[in-house]
Every structure is written in C-alpha cells, then in structure tokens.
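Trainee: Let me give you the structure first, and then I'll get to my questions.
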Amino acid sequence: MNPYELSHRAADELREMTGVGSYDVAIILGSGWREGATALGVPSSEILSSSLSGFVAPTVAGHSGQILSVRVNDKNVALVAGRVHLYEGNSPDQVVHPVRTVIAAGATSVVLTNACGGIDPAKGPGTVVMISDHINLTSTSPLEGAAPPAGYGARFVDLSDLYSKRLRALVNATVPDITEGVYAGFRGPHYETPAEIAMARTMGASLVGMSTVLEAIAARHLGAEVLGLSLITNYAAGVAAGALNHLEVLEAGQQAASSLGALLARVVPVL
Ligand code: 8IG
Numbered sequence: 002m003n004p005y006e007l008s009h010r011a012a013d014e015l016r017e018m019t020g021v022g023s024y025d026v027a028i029i030l031g032s033g034w035r036e037g038a039t040a041l042g043v044p045s046s047e048i049l050s051s052s053l054s055g056f057v058a059p060t061v062a063g064h065s066g067q068i069l070s071v072r073v074n075d076k077n078v079a080l081v082a083g084r085v086h087l088y089e090g091n092s093p094d095q096v097v098h099p100v101r102t103v104i105a106a107g108a109t110s111v112v113l114t115n116a117c118g119g120i121d122p123a124k125g126p127g128t129v130v131m132i133s134d135h136i137n138l139t140s141t142s143p144l145e146g147a148a149p150p151a152g153y154g155a156r157f158v159d160l161s162d163l164y165s166k167r168l169r170a171l172v173n174a175t176v177p178d179i180t181e182g183v184y185a186g187f188r189g190p191h192y193e194t195p196a197e198i199a200m201a202r203t204m205g206a207s208l209v210g211m212s213t214v215l216e217a218i219a220a221r222h223l224g225a226e227v228l229g230l231s232l233i234t235n236y237a238a239g240v241a242a243g244a245l246n247h248l249e250v251l252e253a254g255q256q257a258a259s260s261l262g263a264l265l266a267r268v269v270p271v272l
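2 is the number of the first residue of the sequence shown in this note's numbering; add one for each residue after it.
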C-alpha cells in the first residue's frame, strides 16, 4: 500500500474510533506542548495512535503516541501527541504519516509545534517564535521515492509560501508581540557543534531543531496551510556558556506549559 492510501486508511480508522466526522485543524504537539494543550478544552476522545494503521511508536522520553479530539468553538481539532523523528530510524514517510492522516481526516490547517534551540542570544529559553520559513538540512524529503498517485499534487511542490502568510498574519493580529524566525531542521539526534550553529546563523536561521521540516513539506504538498510554532528550550551550541542536555529541554517545556496553552487557545480560534 502506498503512503497516501495508508494515511486514508488510518484517517478512516480515526474517524471511526473518535466519532469525529471531519477535522478542521490539527496540532502536532512537540516536547513541552502536550501539557499546555489541555487549555484548549476537555477532549471528547483520546486514542492511542498505535491503534491506527501505519503509526510507529515514539521512542523519546516526553513523547507518547496519542490523538486527542477537542472541539474549539466551531472547529474540530486533532491534537497529535508523540511525534516521531528521522533520528529514531524512521523513514520520511513514517515521520509524516500522522500529518498525512489528519489531513486525510479533513484538517485544512496544520499547526506544527516543537521545542528547539535558539541561535539569537536575545531570545532565551521559554520564548515562543513563529516559524517564517525553514532550511531543510535533513537531506531528505517526504516526496522522495515513487511519484504521488493520481489525484495528488506533483512531487515538485512549490514551497514559496510554506509557512502560510495568511495564517501568520492572523496570528500576528491576535498575538502582536510574537516574533518570527527561520527554522533550520537538522537530522540529529546529536546537538550541533558550535561551527554548525555558526553556519546555520550565516544561512539566516535563528532556530534549530530535529523535526517539523518534513511534516511541513508533506502538509503543503497535500494543500494544507501550515503554521509553525517553536518553543526555544535552550541556547544552541556556542551561543551561551554551558552544555546542552535533554533534561533541561523537558524542564523548560514544563515551565512554559501554561503560557503555551494560553497561546494555543488564542491562536486556534482564528485559524
Ligand atoms: I529542544 O539545540 C532542541 N532541539 N538540532 N539543536 C537541535 N535540536 C534541538 C535543539 C538544538 N534543542
């Protein structure tokens, strides 16, 4: 079965299990964002993503594979917790399968959240930055391989408006103090060297992470509008004194949880 058929099968299973006929918005929850997302409301259902076709289990502490369904005003929102990454040994198709699934289940706006390293010394841990664009340094693409089947856009997808200008304007109007930055997506799982961060800065990036870029490409290919929100949890290598560690990342996420929730609660109604 091709990855597109597989995502439609998973979407049918999702609709069946949750009783939600169609979703409007999907939010992929990165490290730290899960706790805050409860501010969106009480989920009408909570399912294990492992019960859906094609979903692979996360292997990272701080990620569990679940899909929560929440109604926000007039919108059905899917909250996808437990993202999977290339560095866990997954293929690009596996990494983007949750995004393809929620889009197959109706979502036309996809919010990609993540925790990331910050390159700008003026933006410390706890700062949320809206992604204006990305630099894909993973050397791969979810569109690599067999051409998408008939009925899907060509593999040569235009990414000139990848992080939707329209959605960013809506968010800016609602949260005027939010700033924007370019996200450089590395494969990881090691953090960068200071020289690699200097390279990313020279390239114009202010955020570095190990997720998001492939999902954004897959979502855009399927015609969804993409919004990216990054929580800076650490200064990238060489930006500030001290070593980087994963525990620090999880702690910064926990500390930011309530403000992330408040931000999502403001943003989702305008999408
Ligand atoms: I959280 O400093 C988090 N994720 N590549 N570099 C990369 N990914 C990250 C970082 C970081 N912090």
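Where is the CB? At the ideal position from N, CA and C, for every residue including glycine.
#1: Roughly how many angstroms lie between the CA atoms of Asp159 and Gly42, to the nearest whole one?
#2: Would you give the residue range spanned by the beta strand (DSSP E) that Lys124 belongs to?
#3: What residues in its chain sit with their C-beta under 6 angstroms from that of Glu36, if we drop five residues either side in the sequence?
#4: State the Cα-Cα distance for the pair Pro44 and Asp13, rounded to the nearest angstrom.
#5: Whose C-alpha, out of Leu87, Thr60, Tyr164 and Ser46, is nearest the C-alpha of Leu80?
#6: Counting pairs of Cβ atoms below 8 angstroms between the stretch 190–197 and the stretch 237–246, do you hit three or more?
#7: Evaluate His98 with the Cβ neighbour count: other Cβ atoms within 10 Å of its Cβ, from every protein chain shown; 16 or more gives buried, anything less gives exposed.
#8: Ignoring anything shorter than 3 residues or poking outside the stretch 196–266, list the beta strand (DSSP E) runs there in chain order.
#9: Taking the Cβ atom as the reference point for each residue, do Val112 and Ile29 lie within a distance shorter than 8 angstroms?
#10: Taking only heavy atoms of the ligand 8IG into account, decide whether any of them is closer than 7 angstroms to the Cβ of Asn77.
#11: Tell me whether Ser207 is buried or exposed, calling it buried when 16 or more other Cβ atoms sit within 10 Å of its Cβ.
#12: Taking the beta carbon of Arg167 as the centre, do at least 16 other beta carbons fall within 10 Å, making it buried, or is it exposed?
#13: Any residue with its Cβ nearer than 7 angstroms to a heavy atom of the ligand 8IG should be included. What is that list in chain order?
#14: Grouping DSSP H, G and I as helix and E and B as strand, with all else coil, what is Ala116?
#15: By the three-class DSSP mapping on this structure, what secondary structure does His321 have?
#16: Do you know offhand how far Val214's Cα is from Asn137's?
#17: For the candidate residues Ala217, Gly254, Ala147 and Ala116, whose alpha-carbon lies nearest to that of Ser165?
#18: Measure the alpha-carbon distance for Gly90 versus Thr39 and round it to whole angstroms.
#19: With respect to the beta strand (DSSP E) encompassing Tyr192, which residues constitute its N-terminal and C-terminal limits?
Mentor: Once the coordinates are examined:
#1: Along the sequence shown, read from residue 1 onward, the residue named residue 159 stands at position 158. Along the sequence shown, read from residue 1 onward, the residue named residue 42 stands at position 41. Answer to the nearest angstrom: the Cα atoms are 35 angstroms apart.
#2: To locate residue 124, count along the sequence shown from 1; it is residue 123. That residue, Lys124, is in no beta strand (DSSP E); it is neither H nor E in DSSP.
#3: Here residue 36 corresponds to residue number 35 of the sequence shown, with the count starting at 1. Cβ neighbours of Glu36 beyond the five flanking positions: Ala258.
#4: Here residue 44 refers to the residue found at position 43 of the sequence shown. Here residue 13 refers to the residue found at position 12 of the sequence shown. Whole-angstrom Cα-Cα distance: 19 angstroms.
#5: Position 79 of the sequence shown, counted from the start, is the residue given in the question as residue 80. Nearest C-alpha to Leu80: Ser46.
#6: A contact exists between the stretch 190–197 and the stretch 237–246.
#7: Within the sequence shown, residue 98 is the residue found at index 97, counting from 1. His98 is buried by the Cβ-count criterion.
#8: 208–210 and 226–236
#9: The residue labelled residue 112 in the question sits at position 111 within the sequence shown. The residue labelled residue 29 in the question sits at position 28 within the sequence shown. Yes; because the gap between Cβ atoms is below 8 angstroms, this pair is in contact.
#10: Taking the sequence shown and counting its residues from 1, one reaches residue 77 at position 76. No, the beta carbon of Asn77 sits no closer than 7 angstroms to any heavy atom of the ligand 8IG.
#11: Indexing the sequence shown from 1 puts residue 207 at position 206. It counts as buried.
#12: Position 166 of the sequence shown, counted from the first residue, corresponds to residue 167. Exposed: under 16 other Cβ atoms inside 10 Å.
#13: Ser32, Ala116, Cys117, Gly118, Phe187, Gly189, Tyr192, Glu193, Val209, Gly210, Met211, Thr234, Asn235, Ala237, Ala238, Leu245 and Val250
#14: Numbered from its first residue, the sequence shown carries residue 116 at position 115. Strand, per DSSP.
#15: Lying before the first or after the last residue shown, residue 321 is absent from the chain, which here runs from 2 to 272.
#16: As a working mapping, residue 214 is identified with position 213 in the sequence shown. As a working mapping, residue 137 is identified with position 136 in the sequence shown. If you take the alpha carbons of Val214 and Asn137, they lie about 6 angstroms apart.
#17: Taking the first residue of the sequence shown as position 1, residue 165 is located at position 164. Out of Ala217, Gly254, Ala147 and Ala116, Ala217 has the C-alpha closest to the C-alpha of Ser165.
#18: Taking the sequence shown and counting its residues from 1, the one referred to as residue 90 is at position 89. Taking the sequence shown and counting its residues from 1, the one referred to as residue 39 is at position 38. Going by the C-alpha atoms only, they are around 30 angstroms apart.
#19: Counting from 1 along the sequence shown, the entry for residue 192 is found at position 191. It is not in any beta strand (DSSP E) - Tyr192 carries neither H nor E in the DSSP assignment.
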